[in-house]
Amino acid sequence: MREWFYKLAPRERLLVGTAAVLTGILLIVTLGIRPIVSKTTRGHEHIEDKRKLLSEVERVAERIGPQTGSNRGTPGIAGQSLVVIVDRTTRSSGLAPYLKRNQPDGANSIRLRFENAPFDATIEWLSSIKSGYGLIVSAANIEAANTTGRVNCNLTLTRGGG
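Note that this note's numbering has the sequence shown beginning at 129, numbered continuously upward.
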């Protein structure tokens, strides 16, 4: 190849040399620099996608609001409906059959009517929803039922601080 190159006229050698240098530069750009730039561009796009995702998560978090409180680590209780809380807790404490009415009274209050409910279970339930959910009794009308140890009561529960 060297022999062929030196047999060329000086002008042709200059053209072949220039073409060889340009081909070398093209190979370096194509095989070396271009992949690096491409990966960098994809990295920047990936970062931008992650920023958009973070922005979306922050918007959702603002809409949902904080999920903390005196809820014994149960996530999302602060935003739960009082009807849902009352339904779940009366079922778990065995008071659901005695709950005859539950009526929301605004966003932070609910009115309840229990009939012929066991007094001890009712008091324990009230204590548990206060400590577990921050619900307090803001109004109560409790009267003895016809059966010993049973009560009829009208209660108004309110979220603590509300």
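Even glycine gets a Cβ: it sits at the ideal position worked out from N, Cα and C. Keep in mind that this is a model prediction, so the values were computed, not measured.
Item to check | Check whether Val-144 and Phe-133 have beta carbons under 8 Å apart | outcome: yes
Checklist entry - Whole-angstrom Cβ separation of Leu-283 and Leu-227, contact assumed at under 8 Å? => result In fact, because the Cβ distance is near 10 Å, the residues do not count as touching under 8 Å.
Next on the checklist: Bridge partners for Arg-239 per DSSP, in chain order?
Outcome noted: Answer by DSSP bridge pairing, in chain order: Gln-231 and Thr-284.
Next on the checklist: Going by DSSP in three states, Leu-182 sits in which element: helix, strand or coil?
Outcome noted: helix
Item to check | Nearest-angstrom Cβ-Cβ length linking Val-214 and Asn-230, presumed shorter than 8 Å | outcome: 5 Å
Next on the checklist: Buried or exposed for Pro-232, going by 16 or more other Cβ atoms inside 10 Å?
Outcome noted: Counting every other CB atom within 10 Å of its CB across the protein chains shown gives Pro-232 a total below 16, marking it as exposed.
Next on the checklist: Quick check on Pro-309: buried or exposed, where buried means 16 or more other Cβ atoms within 10 Å of its Cβ?
Outcome noted: Since the first residue of the chain shown is 129 and the last is 290, residue 309 is not available in this structure.
Next on the checklist: Quick check on Ala-272: does DSSP put it in helix, strand or coil?
Outcome noted: strand
Checklist entry - Three-state secondary structure (DSSP) at Ala-189? => result helix
Checklist entry - Can you tell me the Cα-Cα spacing of Ala-273 and Ser-221, whole angstroms? => result If you draw a straight line from the Cα of Ala-273 to the Cα of Ser-221, it is about 20 Å long.
Item to check | Which residues DSSP lists as bridging Pro-246, in chain order | outcome: Arg-278
Checklist entry - Name the DSSP bridge partner or partners of Ile-264? => result Thr-286
Checklist entry - Mapping DSSP to helix, strand and coil, what is Ala-148? => result helix
Item to check | Span of the alpha helix (DSSP H) around Ile-213 | outcome: 210-221
Item to check | Helix, strand or coil at Ala-72 according to DSSP, with G and I counted as helix | outcome: The structure shown does not extend to residue 72, since the chain is modelled only from 129 through 290, so no value can be given for it.
Checklist entry - Between the Cα of Asn-280 and the Cα atoms of Ile-264, Ser-255, Ile-257 and Pro-246, which residue gives the shortest distance? => result Pro-246
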